[in-house]
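Our numbering puts the sequence shown at residues 350 to 1228. Backbone N, C-alpha and C fix where the C-beta goes; we use that ideal spot for every residue, glycine too. See below for the structure under consideration.
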Amino acid sequence: MKQLTSAQIRQMYLDFFQEKGHKVEPSASLVPQDDPTLLWINSGVATLKKYFDGRVIPENPRIVNAQKSIRTNDIENVGYTARHHTFFEMLGNFSIGDYFKKEAIEWAWEFLTSDKWLGLDPERLSVTVHPEDDEAYDMWLNDINIPKDRIIRLEENFWDIGEGPSGPNTEIFYDRGVEYGNNPDDPELYPGGENDRYLEVWNLVFSQFNHNPDDTYTPLPKKNIDTGMGLERIVSVIQDVPTNFETDLFMPIIQKTEELANVKYGVDKASDTAYKVIADHIRTVSFAISDGALPSNDGRGYVLRRLIRRAVRFAKEIGIEKPFMYELVETVGTIMKDFYPTVLDQADFISSIIKVEEERFHETLHEGLDILTAIIEKEKEKGSTIFPGKEVFRLYDTYGFPKELTTEYVEQLGFTVDEAGYEAEMEKQRERARNARQKVDSMHVQDEVLGKLDMKSEFVGYDTLRIETKIAAMIKDGELVDVAGAGDEVLIFLEETPFYAESGGQIADHGIISSHTGKALVNNVQKSPKQQNIHFAIIDNGELHVGDTVQAEVEEELRNLTIKNHTATHLLHQALKDVLGKHVNQAGSLVAPERLRFDFSHFNAVTKEELEQIEHIVNEKIWNSISLDISYKNLQEAKEMGAMALFGEKYGEIVRVVRIGEYSLELCGGCHVRNTSEIGLFKIVSEGGIGAGTRRIEAVTSKYAFEFLSGKLAVLHSTAQLLKTNEERVVDRVESLFHEMKALQKENDSLSAKLSNLEASSILDQVEEVNGIQVLAQKVNVKDMNQLRAMVDDLKQKLGSAIILLATDNDQKVQLAAGVSKDLMAKGLHAGNLIKQAAQLCGGGGGGRPDMAQAGGKDATKIPAALAYVKDYVNESVK
């Protein structure tokens, strides 16, 4: 067998079929450009549908390609099997109504076995065929000379996706040798069976039938060939390695990852799985971003975010505890540069996007995994192997763990997920999202135990994020306790606390409470009925006791990002009043690390110009570096100063007043920056109505504003590339294309009219005389009803005196148009009456004026009957 690189094999495949008269179709973007049915391009044929369904006639009916593809239907299998991938390349050769089985079979065999090409041992190749495909069977047996015992008839060898082209297929298998299976009693040990020995390397689909709506099959007028060979698989055969991951497509990535890990590849199965997951996912993410997709919370973006987070989680198993995937992008680009140079060309940009995603996930990953592990231990103690759905949701909602990631992790530990519980929590969240007004309740904590707690619990977190304090009380399972151990979920009360309790739209702080005997992870803080701060926590390790001196430490980055958004809401509130009017008042808010949401009273949609003005004002205040002044005033004094009250905030006699220079003055108990310049940047991302007279603005600041704008710039860059221009000239280029398109449309309409006239002239000799009247009833080939009516008008002029009925079939939908000359109208002939009856015969309806009418129908097979009805109509109408 030859020693070949993956790049050589790919190029050889393309060269081989070029010699056979095929045109190389460039690999298309992974993001479908004109197919809304696909999330990703998922096969070699996916980009050629326009040729197979006849929408576009190719310059050359013989096509070959190497197409990058993404499939995400079984992500959870990637890393555990030898050949599952999310990103892969499909080598394919296609015939659009040109050659068929004989050439497809002979060329596949030639490429695989010829010494000039791959040079595989013919004795190690077997094939499968459909039981009824005697033609393919005979070709393999008599033309290729494969022995009968290596030609297996399999019922599943039929490619069919429902209505449309379908047909039998034949697959070629490579025998990897006895070391991959040699048990004569194994019922699956045959080509096409579930085994590791016989590896499918090529699939030839013979599209020769049309699958009809009534589930019958009729021969296609033009038979097609659609074949595919996975590059990763054939490379594993040529390079004689156990799995696809030991090929030169993956090993450089694995070796680069080894430099960052504390376990080498090949040491044990679990570590190898982690390496495989990382190698697969970085390829997918790198290529997807290079084609314009970006991580987000939905659609393609969610897939990328999920893959990055899955890889990061597996990286922990080989000792990688920091962002690292971005360092692998250049390696991916180098491997693929011969055929896909874009990844290497955009390596810096791709790396920066991935790094941001990794950093974001790492902020909460360790804490989330600790909580997940603690929950597992707690459930084990109960004797349960079911991971609570409520906790799955909490890990997703609080720590950014996709449900799929949690499911995969707990299944490794022998647990299953409570799906019903998770869905119940998700439905609660959806209900909250539907509620325009944020409801800050008391977490249902008005119970007897909480009501009796009178200890002091002072918030001191405006000025410090880390203090030494004492545990004043703890509650576990609704009861006061003196001690709590690892895995316990508890409510902790501190004598003093730097943790901000959720209030006024600002989310609660997260962080750690620790002593020399134990540590607790704080994931929520709420106000008790008596306004003490309740720290919702889980004991991470050791024990904590009431009376312990502890370190209470707030997660600094989360707080810093949150306060930037909080101060920005104050600036936004005043800017809305300045631009829209003094009637604007706050109706709700959310202040989180990654975004802010601001609901306000206003009865009209905010215009684009108004939004731009609001945004500019807020940024202007940020760039002016205005210091904040925070003071405590008597409530009445504060009101007299003109301070605005924040929605949802409850005020005592002494209130906290937040002043931003001379621009903004509000009552607010929340946390803020010291100077507006700390916000950095403000960007509105959406504005819309959420109810009668209530609007909502969502915005981002600081690094999230930068990421948002970077994503938009990436889209602009991709657009400019597609338009073959630079970013500055995108608008000019689009305008130019619109002008060209209009000119082409005008030219197309002119040509269509000429074609209609030609076709109208060509059917004049089909005029018949019925009861002394000229009748023309014909099926014609036009693109739409406009052309059909134009043709009727043209024929009326040419014939002078006549009754005309024309029909066309567009996408199985019948369109009919009828015309009657003036002299025949006087005899009682009526185009509307004629077409009404004709349309009913086709399962439709319509009508119109006496001289002109149109209609539609559903059953194209009834067109001949509808056209034949004209004679009956004339005979009945003219006595």
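C-beta contact flag for residue i and residue j at 7 Å
{"i": "residue 921", "j": "residue 833", "result": "no"}
{"i": "residue 445", "j": "residue 407", "result": "yes"}
{"i": "residue 1233", "j": "residue 940", "result": "The requested residue 1233 is not part of the displayed model; the chain covers only 350 to 1228."}
{"i": "residue 1212", "j": "residue 1145", "result": "no"}
{"i": "residue 816", "j": "residue 767", "result": "no"}
{"i": "residue 578", "j": "residue 631", "result": "no"}
{"i": "residue 526", "j": "residue 351", "result": "no"}
{"i": "residue 1009", "j": "residue 977", "result": "yes"}
{"i": "residue 818", "j": "residue 845", "result": "yes"}
{"i": "residue 1242", "j": "residue 698", "result": "With the chain represented from 350 up to 1228, any question about residue 1242 goes unanswered, as that position is not in the structure."}
{"i": "residue 874", "j": "residue 889", "result": "no"}
{"i": "residue 1151", "j": "residue 1123", "result": "yes"}
{"i": "residue 917", "j": "residue 1050", "result": "yes"}
For residue j and residue i, the rounded distance between their alpha carbons
{"i": "residue 542", "j": "residue 1036", "result": "56 Å"}
{"i": "residue 619", "j": "residue 666", "result": "8 Å"}
{"i": "residue 626", "j": "residue 426", "result": "9 Å"}
{"i": "residue 558", "j": "residue 564", "result": "11 Å"}
{"i": "residue 679", "j": "residue 600", "result": "14 Å"}
{"i": "residue 1234", "j": "residue 1081", "result": "Past the boundaries of the shown model lies residue 1234; the chain is included only from 350 to 1228, so the question cannot be answered."}
{"i": "residue 862", "j": "residue 842", "result": "11 Å"}
{"i": "residue 989", "j": "residue 927", "result": "20 Å"}
{"i": "residue 1012", "j": "residue 960", "result": "19 Å"}
{"i": "residue 509", "j": "residue 1191", "result": "29 Å"}
{"i": "residue 1062", "j": "residue 868", "result": "44 Å"}
{"i": "residue 880", "j": "residue 974", "result": "35 Å"}
{"i": "residue 745", "j": "residue 761", "result": "18 Å"}
Buried versus exposed, by CB contacts within 10 Å (16 or more), residue i
{"i": "residue 1090", "result": "exposed"}
{"i": "residue 523", "result": "buried"}
{"i": "residue 566", "result": "exposed"}
{"i": "residue 457", "result": "buried"}
{"i": "residue 1115", "result": "exposed"}
{"i": "residue 1086", "result": "exposed"}
{"i": "residue 1021", "result": "buried"}
{"i": "residue 972", "result": "exposed"}
{"i": "residue 898", "result": "exposed"}
{"i": "residue 1110", "result": "exposed"}
{"i": "residue 1224", "result": "exposed"}
{"i": "residue 605", "result": "buried"}
{"i": "residue 763", "result": "exposed"}
{"i": "residue 769", "result": "exposed"}
{"i": "residue 434", "result": "buried"}
{"i": "residue 1249", "result": "An answer regarding residue 1249 cannot be provided, because it is not within the stretch 350 to 1228 covered by the chain."}
{"i": "residue 965", "result": "exposed"}
Three-state secondary structure (DSSP) of residue i
{"i": "residue 1054", "result": "helix"}
{"i": "residue 492", "result": "helix"}
{"i": "residue 363", "result": "helix"}
{"i": "residue 432", "result": "coil"}
{"i": "residue 1224", "result": "helix"}
{"i": "residue 981", "result": "strand"}
{"i": "residue 411", "result": "strand"}
{"i": "residue 1099", "result": "helix"}
{"i": "residue 807", "result": "strand"}
{"i": "residue 845", "result": "strand"}
{"i": "residue 884", "result": "strand"}
{"i": "residue 357", "result": "helix"}
{"i": "residue 672", "result": "coil"}
{"i": "residue 440", "result": "strand"}
{"i": "residue 500", "result": "strand"}
{"i": "residue 1006", "result": "strand"}
Residue i, enclosing alpha helix (DSSP H) - first and last residue
{"i": "residue 1136", "result": "1134-1148"}
{"i": "residue 692", "result": "691-694"}
Short CB-CB distance (under 7 Å) between residue i and chain B
{"i": "residue 816", "result": "Looking at the structure shown, chain B is missing, and only one protein chain is on hand."}
Extent of the continuous beta strand (DSSP E) to which residue i belongs
{"i": "residue 466", "result": "Element bounds for residue 466: n/a, residue is neither H nor E."}
{"i": "residue 570", "result": "566-579"}
{"i": "residue 902", "result": "898-903"}
{"i": "residue 651", "result": "Here residue 651 belongs to no beta strand (DSSP E); instead the alpha helix (DSSP H) covers 648-664."}
{"i": "residue 475", "result": "474-478"}
{"i": "residue 872", "result": "867-876"}
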